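A.B. asks: One structure, pasted below without further comment.
2 protein chains.
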Amino acid sequence: MPELRKSPIANRWVIIATDRARRPSDFHLHQQQQQPSHGFCPFCEGNEEKTPPEIFALPHNGREPNTPGWQTRVVPNRFPALAIEGDLNRRGDGLFDYMNGIGAHEVIIETPQHELEMGDMSIAHLQMVLSVYRARILDLVNDVRLRYILVFKNFGLAAGASLTHPHTQLIATPVTPRVVKQELISAQSHFLDKERCLFCDILAQEIKDGERIVSLDDHFVALCPFASRFPFETWIFPRKHTAHFSQSSDELLHHLAIALRDTLKRISIALDHPPYNFVLHNSPNTKGNARRPGYWQTLDLDYHWHIEIMPRVTKVAGFEWGTGFYINPTPPEQAAKYLRDVEVSWPD
Amino acid sequence: MPELRKSPIANRWVIIATDRARRPSDFHLHQQQQQPSHGFCPFCEGNEEKTPPEIFALPHNGREPNTPGWQTRVVPNRFPALAIEGDLNRRGDGLFDYMNGIGAHEVIIETPQHELEMGDMSIAHLQMVLSVYRARILDLVNDVRLRYILVFKNFGLAAGASLTHPHTQLIATPVTPRVVKQELISAQSHFLDKERCLFCDILAQEIKDGERIVSLDDHFVALCPFASRFPFETWIFPRKHTAHFSQSSDELLHHLAIALRDTLKRISIALDHPPYNFVLHNSPNTKGNARRPGYWQTLDLDYHWHIEIMPRVTKVAGFEWGTGFYINPTPPEQAAKYLRDVEVSWPD
Numbered sequence: 004m005p006e007l008r009k010s011p012i013a014n015r016w017v018i019i020a021t022d023r024a025r026r027p028s029d030f031h032l033h034q035q036q037q038q039p040s041h042g043f044c045p046f047c048e049g050n051e052e053k054t055p056p057e058i059f060a061l062p063h064n065g066r067e068p069n070t071p072g073w074q075t076r077v078v079p080n081r082f083p084a085l086a087i088e089g090d091l092n093r094r095g096d097g098l099f100d101y102m103n104g105i106g107a108h109e110v111i112i113e114t115p116q117h118e119l120e121m122g123d124m125s126i127a128h129l130q131m132v133l134s135v136y137r138a139r140i141l142d143l144v145n146d147v148r149l150r151y152i153l154v155f156k157n158f159g160l161a162a163g164a165s166l167t168h169p170h171t172q173l174i175a176t177p178v179t180p181r182v183v184k185q186e187l188i189s190a191q192s193h194f195l196d197k198e199r200c201l202f203c204d205i206l207a208q209e210i211k212d213g214e215r216i217v218s219l220d221d222h223f224v225a226l227c228p229f230a231s232r233f234p235f236e237t238w239i240f241p242r243k244h245t246a247h248f249s250q251s252s253d254e255l256l257h258h259l260a261i262a263l264r265d266t267l268k269r270i271s272i273a274l275d276h277p278p279y280n281f282v283l284h285n286s287p288n289t290k291g292n293a294r295r296p297g298y299w300q301t302l303d304l305d306y307h308w309h310i311e312i313m314p315r316v317t318k319v320a321g322f323e324w325g326t327g328f329y330i331n332p333t334p335p336e337q338a339a340k341y342l343r344d345v346e347v348s349w350p351d
Numbered sequence: 004m005p006e007l008r009k010s011p012i013a014n015r016w017v018i019i020a021t022d023r024a025r026r027p028s029d030f031h032l033h034q035q036q037q038q039p040s041h042g043f044c045p046f047c048e049g050n051e052e053k054t055p056p057e058i059f060a061l062p063h064n065g066r067e068p069n070t071p072g073w074q075t076r077v078v079p080n081r082f083p084a085l086a087i088e089g090d091l092n093r094r095g096d097g098l099f100d101y102m103n104g105i106g107a108h109e110v111i112i113e114t115p116q117h118e119l120e121m122g123d124m125s126i127a128h129l130q131m132v133l134s135v136y137r138a139r140i141l142d143l144v145n146d147v148r149l150r151y152i153l154v155f156k157n158f159g160l161a162a163g164a165s166l167t168h169p170h171t172q173l174i175a176t177p178v179t180p181r182v183v184k185q186e187l188i189s190a191q192s193h194f195l196d197k198e199r200c201l202f203c204d205i206l207a208q209e210i211k212d213g214e215r216i217v218s219l220d221d222h223f224v225a226l227c228p229f230a231s232r233f234p235f236e237t238w239i240f241p242r243k244h245t246a247h248f249s250q251s252s253d254e255l256l257h258h259l260a261i262a263l264r265d266t267l268k269r270i271s272i273a274l275d276h277p278p279y280n281f282v283l284h285n286s287p288n289t290k291g292n293a294r295r296p297g298y299w300q301t302l303d304l305d306y307h308w309h310i311e312i313m314p315r316v317t318k319v320a321g322f323e324w325g326t327g328f329y330i331n332p333t334p335p336e337q338a339a340k341y342l343r344d345v346e347v348s349w350p351d
């Protein structure tokens, strides 16, 4: 059983994988390489029996689970960071806090096509992938042990992807990640003060200023945030206030697919196909807080879901990890201008 | 002039390098490689005129500045993240906060020897390097614009080092980095509650438990912290309560040199010469807070300086950047045991 541990100094939870602990030699540099693009891939169509049994798939077309014929397929991570079965067993040892590493760790295989990147998918297919994110979140929010459901994508070896086949990951945790918690605190404080959503206020200022906007339509805005940590960091927000991604209609996901594909394609062209991460920042899961009414209860009004895309093009990293202090060599105004000026086109 | 910007969402300051902004093509992967080990090196003895004019050097032996004969030499970073001259000019624009990027960015060239790594230095030489850290901090604390003086080392390309010649960096900032601020808040809260240092209490528990201890002598303890973010992360603490690294006596620096060299050597052997970062976590600079008595004033009692060493052996990084949520595949108890069991020896 993995463990969650909290640092009494940094006030931060960490997952410690106790089951499949790695030895020093596993970390020697020559041991580390990405799976070759060609060769056996457990995520390709026809290899369904090489993954753990599937959790969900689309389309619903009467096919048997774990057989070909799917377009997007969700399976448990073969090496899960958290275990789905068990109690949290929160406990302390002197100054240290533990709990069991309970949660979900799933892989969303975006497409049967091994080489089809998200920025090249059809809008209809990408909308289906986004609807699978929604379906998995709507299922997992019912688990009262879980506080947060993280959907994120690592693309490229430098961004942490060990498999090349297009996939997204989902980790559902019994704690709220620290960075997200800080966002929630900022948003709640702003709302209590002004009875307005912090993110809506920021979007209004950004749209008025204009210089950090990458793209804008009636439904979504993509922008390089004012205090970008990374060159070409880009966030995508729904323009209409919505706290929960899982409340998105099919129509909204259609427009999100347009905005997300456009943004990924612009980044790919501008930076010559860089590794990247994106993280869906969503409202926390409040079902387990029934014993504490009022706690995170106003979040329908004060949080605003969005996607944060972080191209991985700078190497100055460990120092930032150690201090939370970032040096960004490209002002977001310039990054946004480069991304706006990219010419993009698709076959469909 | 670089800019400091604060995210109203993440409550985090970022340095934006506005002067030497990089274009998208600068980030294309094939552009990025480390300086070759052999070839021209501006940090080697004899090339003193290729760096900006030196700030400090040891030994004090009557040599002319910017000439050969030094053992450790401090110069301004040629591409500084912050500018030393100017006013902070704190200002706002709607929801956004700015200030001028005032501060210091120095390079401590640890040795004239291009290939001499810190884990292989003589104790006397490493003690001299540490005394140079102390000298630079003691100089910069007098600048009331500065709130924090960060001393950190990037070793290896994956850890962000673009030059191979052994060097440490110093960045002095007009804000306290977020991770450090959280430490200060935790420490102050513990002290206000118990009138004891949080770090001293943790060291007592760790030494009693024993299983996360890497090494222990009368002066220093090296341990893999309870909630380690990274495999083989190791922190070195003085056993006697001390808030400020700059208060260290020559004798204490002698013992720190022993503990630091031993730890770096153990990590190097266990992990086959990995890239790593270390960050000196020190008390903030309180001289500029005279207008707000009481603010960070108790830190002599409640903070405890230490060095955090982070080997860079896992690639799962962008997700962690985006969420502050870490997955560590090696329990610190196992990492500490591996590091304890390494056999180390030096010629001196």
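Same order as they appear, the protein sequences are chains P and H.
For the first sequence, position 277 (counting from the first letter as 1) is numbered 280 according to the working numbering, and the numbering increases by one without interruption.
For the second sequence, position 211 (counting from the first letter as 1) is numbered 214 according to the working numbering, and the numbering increases by one without interruption.
Ideal Cβ positions, reconstructed from N, Cα and C, are used throughout, including at glycine.
Quick caveat, the model's predicted, so the values are computed rather than measured.
Please look up how many angstroms separate the CB atoms of I216/H and L226/H, rounded, as I've assumed it's under 8 Å.
C.D. replies: Contact flag correct, Cβ pair sits at about 5 Å.
A.B. asks: For W73/P, count the other beta carbons within 10 Å of its own beta carbon; 16 or more makes it buried, fewer makes it exposed. Which is it?
C.D. replies: Answer is buried; the Cβ neighbour count reaches 16.
A.B. asks: Might you give, ordered along the chain, the residues of its own chain that have their beta carbon closer than 8 Å to the beta carbon of Y329/P, omitting 5 neighbours on each side?
C.D. replies: R232, F233 and E323.
A.B. asks: Compare the C-beta of W16/P with all C-beta atoms of chain H and state if any pair is closer than 9 Å.
C.D. replies: Answer yes: the Cβ-Cβ gap between W16/P and chain H drops below 9 Å somewhere.
A.B. asks: In chain order, what residues of the same chain lie with their CB nearer than 7 Å to the CB of A260/H, ignoring the 5 residues before and after it?
C.D. replies: The answer, listed in chain order, is I126, L129, Q130 and L133.
A.B. asks: Which residue comes first and which comes last in the alpha helix (DSSP H) that contains T266/H?
C.D. replies: Looking at the DSSP string, the run of the alpha helix (DSSP H) that includes T266/H is D253 to A273.
A.B. asks: Looking at the structure shown, is M131/H part of a helix, part of a strand, or coil, going by DSSP?
C.D. replies: Reduced to three states, the DSSP call for M131/H is helix.
A.B. asks: Residues of chain P with CB under 9 Å from R181/H, in chain order?
C.D. replies: Residues of chain P passing the Cβ test: Q185, T326, G327 and F328.
A.B. asks: Given a limit of 7 Å on CB to CB distance, which residues of the stretch 94-116 of chain H reach chain P?
C.D. replies: Going along the stretch 94-116 of chain H in chain order, one finds G97, L98 and F99 with a Cβ nearer than 7 Å to chain P.
A.B. asks: Closest to G97/P by C-alpha separation, out of T171/H, I210/H and Y151/H, would be which residue?
C.D. replies: Closest by alpha carbon: I210/H.
A.B. asks: Identify every residue that forms a DSSP beta bridge with D108/P.
C.D. replies: Note on identity: in this sequence residue 108/P is His, with Asp being the wrong assignment. Partner(s): I174/P.
A.B. asks: Exposed or buried, which one is D90/H when buried takes at least 16 other CB atoms within 10 Å?
C.D. replies: With fewer than 16 Cβ atoms within 10 Å of its Cβ, D90/H is classed as exposed.
A.B. asks: Excluding the five sequence neighbours on either side, which residues of its own chain have a C-beta within less than 7 Å of the C-beta of A161/P, listed in chain order?
C.D. replies: These residues qualify, in order along the chain: P278 and R315.
A.B. asks: Which residue wins for smallest C-alpha separation from T326/H, given the options Q337/P, I312/P, M102/P and P332/P?
C.D. replies: Closest option to T326/H, Cα to Cα, is I312/P.
A.B. asks: Looking at the strands, I want to know which residues DSSP matches up with P314/P.
C.D. replies: In DSSP, P314/P forms a bridge with Y279/P.
A.B. asks: What three-state label does DSSP hand V154/H in the structure shown?
C.D. replies: Here V154/H sits in strand by DSSP.
A.B. asks: Measure the Cβ-Cβ separation of V347/P and D275/P and say whether it is below 9 Å.
C.D. replies: Not closer than 9 Å, so no.
A.B. asks: Quick one: measure Cβ to Cβ for G104/H and L7/H, integer angstroms, because I've assumed they're closer than 8 Å.
C.D. replies: With 8 Å as the limit, G104/H and L7/H qualify as a contact, their Cβ atoms being about 5 Å apart.
A.B. asks: Hey, is H168/H's beta-carbon within less than 9 Å of any beta-carbon in chain P?
C.D. replies: Chain P, which has no Cβ nearer than 9 Å to the Cβ of H168/H, makes this no.
A.B. asks: For E6/P, which beta-bridge partners are listed by DSSP?
C.D. replies: In DSSP, E6/P forms a bridge with I19/P and N103/P.
A.B. asks: Interface residues of chain P around V282/H at Cβ under 8 Å?
C.D. replies: Going along chain P in sequence order, the residues near V282/H (Cβ under 8 Å) are F322, G325 and T326.
A.B. asks: Expressed to the nearest angstrom, what Euclidean distance is found between the alpha-carbon atoms of K357/H and G42/P?
C.D. replies: The shown model of chain H, from 4 to 351, leaves out residue 357/H, and the question about it has no answer.
A.B. asks: With a threshold of 9 Å between beta-carbons, can Y136/H be considered close to chain P, or not?
C.D. replies: By this cut-off, Y136/H is not an interface position.
A.B. asks: Does A175/P have its Cβ less than 9 Å from a Cβ in chain H?
C.D. replies: No, because no Cβ of chain H sits closer than 9 Å to the Cβ of A175/P.
A.B. asks: Leaving aside the five residues before and after D305/P along the sequence, list all residues of the same chain whose C-beta is less than 6 Å from its C-beta, in chain order.
C.D. replies: Result list for D305/P: A190, Q191, F194 and C200, in chain order.
A.B. asks: When the distance is taken between beta carbons, is A84/H closer than 9 Å to A20/H?
C.D. replies: Yes.
A.B. asks: If you drop the 5 nearest sequence neighbours on each side, which residues of the same chain put their C-beta closer than 7 Å to that of F229/H?
C.D. replies: Excluding sequence neighbours, F229/H sits near R215 and P335.
A.B. asks: Hey, Y151/P and P115/P: beta-carbon distance below 9 Å or not?
C.D. replies: Cβ atoms of Y151/P and P115/P: not closer than 9 Å.
A.B. asks: For E109/H, count neighbouring C-beta atoms within 10 Å of its own C-beta (all shown protein chains included) and say buried if the count is 16 or more, exposed if not.
C.D. replies: Classification of E109/H: buried, given that the 10 Å Cβ count is 16 or more.
A.B. asks: Report the three-state DSSP secondary structure of Y136/P (helix, strand or coil).
C.D. replies: In the structure shown, Y136/P sits in a helix (DSSP, three-state: H, G or I).
A.B. asks: If you drop the 5 nearest sequence neighbours on each side, which residues of the same chain put their C-beta closer than 6 Å to that of L141/H?
C.D. replies: Contacts found: S249.
A.B. asks: Answer with yes or no whether the minimum CB distance from V78/H to chain P is below 9 Å.
C.D. replies: No, V78/H lies away from the interface with chain P (no Cβ there is under 9 Å from its Cβ).
A.B. asks: Taking Cβ-Cβ distances shorter than 8 Å, what residues in chain H pair up with Y306/P?
C.D. replies: What Y306/P touches in chain H: nothing, since even the nearest Cβ is about 11 Å away.
A.B. asks: Using beta carbons (cut-off 9 Å, strictly below), is V347/P in contact with chain H?
C.D. replies: Taking Cβ atoms only, chain H never reaches closer than 9 Å to V347/P, which makes this a no.
A.B. asks: Quick one: does R232/H have its CB under 9 Å from some CB of chain P?
C.D. replies: Yes, its Cβ sits closer than 9 Å to a Cβ of chain P.
A.B. asks: Which residue marks the beginning of the alpha helix (DSSP H) containing L302/P, and which one marks its end?
C.D. replies: First-last of the alpha helix (DSSP H) with L302/P: L302 to D305.
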